[in-house]
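Trainee: Questions regarding the structure given below will be posed in turn.
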Amino acid sequence: MEMNASYTSLVAVGDSFTEGMSDLLPDGSYRGWADVLASRLAARTPGFRYANLAVRGKLIGQIVDEQVAVAASLQPDVITLVGGLNDTLRPKCDMGMVRGRLEEAVERLAPSCKTLVLMRSPGRNGPVMERFRPRMEELFSLVGDLADRHGAVVADLYGAPSLGDPRMWDVDRLHLTAEGHRRVAEAVWQALGLPAESDWRTPMPASVPARWAQRRIDDVRFARQHLMPWIGRRLTGRSSGDGRAGAQFDAGLGQAFWITPEDGAVPGPVAGWRRLDG
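Using the UniProt record's numbering, read the sequence shown as starting at 1 and increasing by one per residue.
This is the structure in structure tokens:
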């Protein structure tokens, strides 16, 4: 990867991890690592354009069917593709299907951009991670194989102690905090060949573990607010992404659009960028 490379456009494809949950902004929207990365890239390149097509809850088949062709049509410098983990967390998962759809996505996206970024995603340390680890590692092995075959870049976050720390994860135990997203953005930044601005692998400072009683209270709150609704959606075939579109996808027109900073000299947060039509 060329050091100090320049990128003029970025399209992000995926699920809630790329949409930005749980990096919540005061206005109720989400930021996330892809938005942070876009802001940093825009500071290097006047006229930078960005589109985030990711939608929470999407399975790999939905990502391929709903986002891949749209992303490819934009012909950006960089496409990030992260998907398949929602499939591996289902009680029943056809890993053959997951492999096939992910391979289809890479085959369609790699020729449509200058740099395709794949990812071995992080996981929160704990029993859930251990239960699904074999599926996740099967998925991440394929990510490496596809990157080698198609010349893609891999941001390898899996197993990094800094991102496995439970303090990097929101109360839902599925999504990263703002600090976690910031570190993912730095990891992708470095994977793109850009000079490191921080060490995303640096462990969190040591802290006193929560007392047993507090951990049980947290467990009950997690089960009531997050686990039970998640199970309910699985049993009824619903998804948190039902009826939603990507941040830069106009459902009425059936097409994506670019956004760009109002002030190229000071890009600022993506939430303040303007839409480009045509």
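For every residue, glycine included, the Cβ atom is placed at its ideal position computed from N, Cα and C. Small disclaimer: the values here were computed from a predicted structure and weren't measured.
If contacts are defined as beta-carbon pairs under 8 Å, then Leu118 and Ala160 qualify, I think. What distance do you get, rounded to the angstrom?
Mentor: Incorrect: roughly 16 Å between the Cβ atoms, too far for contact.
Trainee: Just grab the DSSP bridge partners of Trp169 for me.
Mentor: Leu176
Trainee: What do you reckon, are the CB atoms on His175 and Val36 nearer than 8 Å?
Mentor: In this structure, the beta-carbon distance from His175 to Val36 does not fall below 8 Å.
Trainee: In whole angstroms, what is the alpha-carbon distance linking Met136 and Ala42?
Mentor: 33 Å
Trainee: Output needed for Val154: all residues of its chain with C-beta closer than 8 Å, excluding positions within five of it in sequence on either side, in chain order.
Mentor: Val117, Leu118, Met119, Arg120, Val143, Gly144, Ala147, Ala191
Trainee: Report the partner residues of Gln255 according to the DSSP bridge assignment.
Mentor: Asp250
Trainee: Report the residue from Leu276, Asp277, Ala271 whose alpha carbon sits nearest the alpha carbon of Asp27.
Mentor: Ala271
Trainee: Grouping DSSP H, G and I as helix and E and B as strand, with all else coil, what is Thr18?
Mentor: helix
Trainee: Mapping the DSSP letters down to three states, classify Met119 as helix, strand or coil.
Mentor: strand
Trainee: Are the Cβ atoms of Tyr50 and Ala38 separated by less than 8 Å?
Mentor: yes
Trainee: Determine the DSSP secondary structure at Asp156, reduced to helix, strand or coil.
Mentor: strand
Trainee: If you drop the 5 nearest sequence neighbours on each side, which residues of the same chain put their C-beta closer than 8 Å to that of Ala110?
Mentor: Leu116, His150, Gly151, Ala152
Trainee: Can the beta-carbon of Leu102 be found closer than 8 Å to that of Phe132?
Mentor: no
Trainee: On the DSSP bridge assignment, give the partners of Ala42 in chain order.
Mentor: Its beta-bridge partners do not exist; DSSP assigns none.
Trainee: Note the first and the last residue of the continuous alpha helix (DSSP H) segment covering Leu85.
Mentor: The continuous alpha helix (DSSP H) containing Leu85 extends over residues 85-88.
Trainee: In the structure shown, what three-state DSSP assignment does Ala12 receive?
Mentor: strand
Trainee: Which whole-angstrom value is the C-beta distance of Leu81 and Gly14, which I expect to be below 8 Å?
Mentor: Contact flag correct, Cβ pair sits at about 7 Å.
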